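Undergrad: Dumping the structure here so I can ask a few things about it.
Number of protein chains: 2
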Amino acid sequence: MNRLMKPGARERETLLNSGLLSALGVESVAAMMEIAAIGNLPPRQLLFREGEPADMLHSVLSGYVRVYKLDPDGREADVELYGPGDLIGASVVLDGGRYGATAQAAEPSLIARFDLKRVRDIAGRRPDLAMALANALTGQLARAFASLADDRLHTAPQRVARYLLAQCPVDKATSFRLPYQKSLLAGKLGLAPEALSRAFSMLRGHGVNVRGRLVHIGDPDALRRI
Amino acid sequence: MNRLMKPGARERETLLNSGLLSALGVESVAAMMEIAAIGNLPPRQLLFREGEPADMLHSVLSGYVRVYKLDPDGREADVELYGPGDLIGASVVLDGGRYGATAQAAEPSLIARFDLKRVRDIAGRRPDLAMALANALTGQLARAFASLADDRLHTAPQRVARYLLAQCPVDKATSFRLPYQKSLLAGKLGLAPEALSRAFSMLRGHGVNVRGRLVHIGDPDALRRI
DNA sequence: CGGTCCTTTGATGGTATTCAATACACGTGG
DNA sequence: CCACGTGTATTGAATACCATCAAAGGACCG
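The listed protein sequences derive, respectively, from chains X and F. Residue numbering for the first sequence follows UniProt numbering, beginning at 1 and increasing consecutively. Residue numbering for the second sequence follows UniProt numbering, beginning at 1 and increasing consecutively.
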């Protein structure tokens, strides 16, 4: 982390709307603000490594953070991708143990860090914080379960189709921009970049058009039937 | 659930040692005991279904509970397997929403149920309960991440080898019994039963011998090198 | 305008799923 | 105690799917 600083007005605003703090009472918010440190990360910077003693809780203010696990021989598998407002679930280590995965900024990112010991301390006195943590974790667990089932049940084109549908809630033709580069999306979906590319080109026959990060969905219903 | 009853002495004992209650103060334990209901499940009985409004928190006292997700066309993917002492993570729905997966007893099982509204109520007043929930959830999230990465990084024989090594912590030849049937294990590892069978027979060449539920590990080091 | 990184496309091999048929284990009842 | 039947496990063959390697094509930024 290059520069650490107290949150300014803009960062406080963003933090207030983040998943973790938005549900807290004013006093807990104040307590958390008190111990927040803001950091600016260049791409590829690591926030923490798998196996390190966990001392900080992390939350994304802007940008994206990729969390992955490593093979003995160096291969990586992404397990989650966090964006603005997200609490980094893998950094919630409440028992004072070690991080279970590695976190890396996927693009220039702004993140908030909280000393874990102090967070435990506050949460031990303030149920709203403990509940907010538990709540965030249930959401993350649900997402992890969904990924796991998705991996095991669906082929690459199906997973991509489902992702696209999740991005455009409207039930008619839409265009939108991918929020990050395709190699990141590939990792998130558990695919090699090549497989994502091939999935896109196969979906072209089902009303999907991709140019750069711009995606056009011609027929959501057709996608749903893949 | 066939019969619901207040916990007797034996069930209270088991509950006290379960992951959720073991870390609580006496008053929180009492409050939770107060609202606990014990149920005896026959195999294949469902505890809850994906999409149903969530009203109960579940914990396994004995037996095993399989949690899975369903495809539109009926195929199932197991996302977690819970045993004695485990809090069923997919039943921790703190926001009053819906269950995100289906839970089914895999064998005759004894489980404890807690009214979710009341749990939320207690946790809102008692930080130790909220923290115990958060703690249990971090563990589950870590396990889910591990499964996800395992699926994406390792082949079937490797996953099986890792599972076996995790069952026999000692670093020398050992024998032990699988705690459940192989089809369950296959689901847990994200494999079709046939693939598990083939993995076992390939591991035979690396010092693993399987007869029924009895497993003999001849050379843990060899397994680690798979 | 040039270089670097990302993405696409092609060819190949390994790996798991699926379907089908057989073998085995276990619990039940004769 | 043995015979039987149901559900579970194994084995085989064919197929589908994805990772990997290699190379060429684009996008983006200095």
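Backbone N, C-alpha and C fix where the C-beta goes; we use that ideal spot for every residue, glycine too. What you are looking at is a predicted structure, and each value in this text was computed from that prediction instead of being measured.
#1: Cβ of L94/F within 9 Å of Cβ of G89/X?
#2: Work out the CA separation of K6/X and E13/F for me, nearest whole Å.
#3: For R159/X, count neighbouring C-beta atoms within 10 Å of its own C-beta (all shown protein chains included) and say buried if the count is 16 or more, exposed if not.
#4: Got a sec, what are the start and stop residues for the alpha helix (DSSP H) G139/F sits in?
#5: DSSP three-state label for Y163/X, please.
#6: Along the region 82-97 of chain X, what residues have a CB closer than 7 Å to any CB found in chain F?
#7: State the Cα-Cα distance for the pair R44/X and S109/X, rounded to the nearest angstrom.
#8: Measuring CA to CA, which of A101/X, V26/X, L61/X is closest to T138/F?
#9: Counting contacts by CB-CB distance shorter than 9 Å, is H127/F in contact with chain X?
#10: Would the region 140-154 of chain F count as touching the region 68-76 of chain F if we require 3 or more Cβ pairs under 8 Å?
#11: Can you tell me whether D171/F is buried or exposed? The criterion is at least 16 other CB atoms within 10 Å of its CB, across all chains shown.
#12: Distance check for L191/X and L57/F, CA to CA, integer angstroms please.
#13: Does the separation of the CB atoms of Y64/X and G85/X fall below 9 Å?
#14: Under 7 Å between beta-carbons, which chain X residues line up against T138/F? List them in chain order, please.
#15: Counting along the chain, where does the alpha helix (DSSP H) carrying L16/F start and finish?
#16: Determine whether the beta carbon atoms of I38/X and L16/X lie at a separation below 9 Å.
#17: Based on Cα-Cα distance, which residue from D219/X, V215/X, M33/X, F145/X lies nearest to F114/X?
#18: Beta carbon of A161/F, beta carbon of H216/F: below 9 Å?
#19: Compare the C-beta of D151/X with all C-beta atoms of chain F and state if any pair is closer than 9 Å.
#20: Using a cut-off of 7 Å between C-beta atoms, extract the partners of D71/X located in chain F.
#21: With distances taken from CA atoms, which of L223/X, S59/X, A144/X is nearest Q167/X?
#22: Sort out for me which residues DSSP pairs Q104/X with in a bridge.
#23: Using C-beta distances below 6 Å, list every residue in its chain close to R118/F, excluding the 5 sequence neighbours before and after it, in chain order.
#24: Note down the Cα distance separating A186/F from V208/F, rounded to an integer number of angstroms.
#25: Helix, strand or coil for P193/X per DSSP?
#26: Would you report the Cα separation of G97/X and R211/X, rounded to the nearest angstrom?
#27: Within the same chain, show all residues whose beta-carbon is closer than 8 Å to that of A156/X, passing over the 5 residues directly before and after it, in chain order.
#28: Given a limit of 7 Å on CB to CB distance, which residues of the UniProt domain "HTH crp-type" (154-221) of chain F reach chain X?
#29: Going along chain F in order, which residues have a C-beta closer than 8 Å to the C-beta of S147/X?
#30: Under 9 Å, do R213/F and R177/F count as touching if we go by C-beta distance?
#31: By how many angstroms is the C-alpha of A77/X removed from the C-alpha of G51/X?
#32: Taking V29/F and L21/F to be in contact with their CB atoms under 8 Å, please state how far apart those CB atoms are, rounded to whole angstroms.
#33: Within the 9 Å Cβ cut-off, does E80/X reach chain F?
#34: Could you tell me how far apart the beta carbons of A136/X and G8/X are, in whole angstroms, since I believe they sit closer than 8 Å?
#35: With DSSP run on the structure shown, which of helix, strand or coil describes G25/F?
TA: Let me spell this out:
#1: no
#2: 48 Å
#3: buried
#4: 127-153
#5: helix
#6: G89, A90, V92, V93, L94, D95
#7: 10 Å
#8: A101/X
#9: Rather than His, the amino acid found at residue 127/F in this sequence is Pro. So yes, P127/F belongs to the interface.
#10: no
#11: exposed
#12: 35 Å
#13: no
#14: V92, V93, L94, L137
#15: 9-16
#16: no
#17: M33/X
#18: no
#19: yes
#20: L153
#21: L223/X
#22: L46/X, R66/X
#23: I35
#24: 17 Å
#25: helix
#26: 45 Å
#27: L189, L191, A195, L196, R198, A199
#28: G190
#29: L148
#30: yes
#31: 16 Å
#32: 6 Å
#33: yes
#34: 24 Å between Cβ atoms; not a contact.
#35: coil
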